[in-house]
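Trainee: Chains as they are written, first to last, in this note's numbering: chain A, 1 to 209; chain B, 210 to 418.
One structure, pasted below without further comment.
2 protein chains.
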Amino acid sequence: MRISELSAESGVPVATIKYYLREDLLPEGARTSATQATYGEPHIERLRVIRALIEAGVSVAETRRVLAALDDPPTSPHDLLGAAHAAVLPATGEALDTAAAEALAVRLGWQPGMCDDQILAGVARALQGVQRAGFEIPDAVMSAYLESVRTLARAEIANVPTDSPEAAVRYVVLGSVLIEPLLLALRRVAEQVASAERFGDPAAADPEP
Amino acid sequence: MRISELSAESGVPVATIKYYLREDLLPEGARTSATQATYGEPHIERLRVIRALIEAGVSVAETRRVLAALDDPPTSPHDLLGAAHAAVLPATGEALDTAAAEALAVRLGWQPGMCDDQILAGVARALQGVQRAGFEIPDAVMSAYLESVRTLARAEIANVPTDSPEAAVRYVVLGSVLIEPLLLALRRVAEQVASAERFGDPAAADPEP
Chain A
1 MRISELSAES GVPVATIKYY LREDLLPEGA RTSATQATYG EPHIERLRVI
51 RALIEAGVSV AETRRVLAAL DDPPTSPHDL LGAAHAAVLP ATGEALDTAA
101 AEALAVRLGW QPGMCDDQIL AGVARALQGV QRAGFEIPDA VMSAYLESVR
151 TLARAEIANV PTDSPEAAVR YVVLGSVLIE PLLLALRRVA EQVASAERFG
201 DPAAADPEP
Chain B
210 MRISELSAES GVPVATIKYY LREDLLPEGA RTSATQATYG EPHIERLRVI
260 RALIEAGVSV AETRRVLAAL DDPPTSPHDL LGAAHAAVLP ATGEALDTAA
310 AEALAVRLGW QPGMCDDQIL AGVARALQGV QRAGFEIPDA VMSAYLESVR
360 TLARAEIANV PTDSPEAAVR YVVLGSVLIE PLLLALRRVA EQVASAERFG
410 DPAAADPEP
């Protein structure tokens, strides 16, 4: 199909498709003349993934790395997860104190060498942000955080499909980035529910419909 | 103190401080002449909060709304949480199918009217992103997400300090935004640990030190 049909089919404007082509997010179509190319089903599929990542707040550069991990996946699922995480983690030049981050990781079952240093650096950076604001996380809350992420990560990894490499790649790479906005949104709902339960909310407290 | 001393004290460059003044994030100092003003301890404190929010990925406009919620808090902690969430939620003009989001919210104990529609819209938007990418969340994984966010939200709300309004404001407003990067970073560590447990990892599997 031509680029105008690809646009109609995918719902992505032609100008945006051209931008993705220039940014190497979308592969070139098959040239039919000096100024025209044809596109196929894989381009529609790829556009869906690009849109989902960009709309989830992933940058163009990160999206390019996520797509590279999808296109040329490492052979082991564990390395694949590392590639997916590396794609969306900022390279850091700053010196970070990782002692507190390591202590938290150990409580999650982490052992030295088990995951990329960038992952621990991400925890250290997040802790630094919390500390710089002068915010203290109560012990009971931190324990709940660790228990929660352990629960959800185990369920996620237990459900990595192993029947086909393609399915595993999709699940791990997209799951690790696309789920982030969902988890944060669900946390907000759960906070509102818990807050209504503790502090009362007129609408929620009304027993009569 | 002068702006140069405020910069030295806070570690924030003078040009950045001036930017925050122009953007109404930081209140003006007390004027001592047409071109000079003096700043005090509250400015240092405010700069710490601004830096923490900006570094956590909160935009300038959202930071302004978070600071407004800190400066002029609603009286009930439940309304305060709503103000904190509203500050960092994008206003949406798009039509969203909220049926699936509502179904998830109900599983979290949500009842109609319990929280701002924007919160549910956030869940709907996140689900839309997942769906657009053609990604399916297995039931067992979704159940784990719901269980996890319920666990952590209950711990968070149970620990809202009620001894002083200022402490409650700080905890709710900063906690709801600053903790997001930490949770996502901890999830990555937990995924790596679970992945190493399921798929094996040379470093982790080595029983001899």
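Every residue, glycine too, gets a C-beta built ideally from N, C-alpha and C.
Note that this is a predicted model, so its numbers are computed, not measured.
#1: Could you tell me the boundaries of the alpha helix (DSSP H) in which Asp-233(B) lies?
#2: In whole angstroms, what is the alpha-carbon distance linking Leu-186(A) and Ala-270(B)?
#3: In chain E, which residues lie less than 7 angstroms from His-85(A) when you measure between Cβ atoms?
#4: Report the residue ranges of all alpha helix (DSSP H) runs contained in full by the segment 258-315 of chain B; include only those spanning at least 4 residues, in chain order.
#5: Quick one: grab the DSSP three-state call for Ala-34(A).
#6: Pull up the distance between the alpha-carbon of Ala-204(A) and that of Gly-322(B), whole angstroms please.
#7: Measure from the C-beta of Glu-365(B) to each C-beta in chain A and report whether the shortest distance is under 7 angstroms.
#8: Using a Cβ distance threshold of 8 angstroms, determine whether the segment 130-142 of chain A contacts the segment 256-276 of chain B, with at least three qualifying pairs required.
#9: Tell me whether the segment 148-165 of chain A and the segment 357-366 of chain B touch, counting them as touching only if at least three CB pairs, one residue from each stretch, are closer than 8 angstroms.
#10: Does Ala-133(A) come out as helix, strand or coil in the three-state DSSP assignment?
#11: Does chain B have any CB closer than 7 angstroms to the CB of Ser-10(A)?
#12: Candidates Ala-362(B), Arg-273(B), Ser-404(B), Ala-309(B): which alpha carbon is nearest Asp-233(B)'s?
#13: Have a look at Leu-305(B), Pro-390(B), Leu-215(B), Asp-326(B) and flag the residue whose alpha-carbon is nearest the alpha-carbon of Gly-291(B).
#14: I'd like to know if the segment 187-200 of chain A and the segment 221-237 of chain B are in contact, where contact means that at least 3 CB-CB pairs between them fall below 8 angstroms.
#15: Please identify the residue among Arg-2(A), Gln-111(A), Val-66(A), Ala-103(A) whose C-alpha is closest to the C-alpha of His-85(A).
#16: What's the call for Pro-251(B), buried or exposed, on a 16-neighbour Cβ count within 10 Å?
#17: Comparing the C-beta of Ser-59(A) with each C-beta of chain B, is any distance below 7 angstroms?
#18: Taking Thr-307(B) as the reference, give the member of Pro-286(B), Val-381(B), Ala-330(B) with the closest Cα.
#19: Under the three-state reduction of DSSP, which class applies to Tyr-248(B): helix, strand or coil?
#20: Quick one: Cα of Leu-104(A) to Cα of Ala-364(B), how far?
#21: Say yes only if the C-beta of Glu-9(A) is nearer than 6 angstroms to one or more non-hydrogen atoms of the ligand NAP, and no if none qualify.
#22: Consult DSSP for Gln-231(A) and reduce its assignment to one of helix, strand or coil.
#23: What does the alpha-carbon distance come out to for the pair Arg-2(A) and Val-12(A)?
#24: Three-state secondary structure (DSSP) at Arg-2(A)?
#25: Go ahead and pull the three-state DSSP assignment for Thr-360(B).
#26: Is Ala-399(B) buried or exposed, if buried means 16 or more other CB atoms sit within 10 Å of its CB?
#27: How would you label Glu-136(A), buried or exposed, when you count the other beta carbons within 10 angstroms and need 16 or more for buried?
#28: DSSP three-state call for Ser-114(A): helix, strand or coil?
#29: Can you pull the chain B residues whose beta carbon is under 7 angstroms from the beta carbon of Gly-122(A), in chain order?
#30: Closer than 7 angstroms between beta carbons: that is the criterion. Which residues of the segment 334-346 of chain B meet it against chain A?
#31: Nearest to Glu-218(B) by CA position, among Pro-347(B), Leu-361(B), Gly-249(B), is which residue?
#32: Ordered along the chain, which non-local residues of its own chain (more than five positions away) have a Cβ less than 8 angstroms from that of Arg-316(B)?
#33: Quick one: using the 10 Å Cβ neighbour count with 16 as the cut-off for buried, is Ala-57(A) buried or exposed?
#34: Report the option in Leu-96(A), Ser-143(A), Trp-110(A), Leu-152(A) whose CA atom is closest to the CA atom of Leu-127(A).
Mentor: Quick answer:
#1: Here Asp-233(B) belongs to no alpha helix (DSSP H), and DSSP marks it neither H nor E.
#2: 23 angstroms
#3: In the structure shown, chain E cannot be found, because the protein chains are A and B.
#4: 269-280, 286-297
#5: coil
#6: Below a pLDDT of 50, predicted positions are generally treated as unreliable, and Ala-204(A), at 45, falls in that range; no measurement from the model is reported.
#7: yes
#8: yes
#9: yes
#10: coil
#11: no
#12: Arg-273(B)
#13: Asp-326(B)
#14: no
#15: Val-66(A)
#16: exposed
#17: no
#18: Ala-330(B)
#19: coil
#20: 17 angstroms
#21: The ligand NAP is not part of this structure, which contains no ligands at all.
#22: Any answer about residue 231(A) is impossible in this case: the structure gives chain A only from 1 up to 209.
#23: 13 angstroms
#24: coil
#25: helix
#26: buried
#27: exposed
#28: It should be noted that the sequence gives Met, not Ser, for residue 114(A). Coil, per DSSP.
#29: Ala-394, Arg-397
#30: Ala-335, Leu-336, Gly-338, Val-339, Arg-341, Ala-342, Gly-343, Phe-344
#31: Gly-249(B)
#32: Leu-355
#33: It should be pointed out that residue 57(A) corresponds to Gly in this sequence rather than to Ala. By the neighbour-count rule (16 or more Cβ atoms within 10 Å), Gly-57(A) is not buried but exposed.
#34: Leu-96(A)
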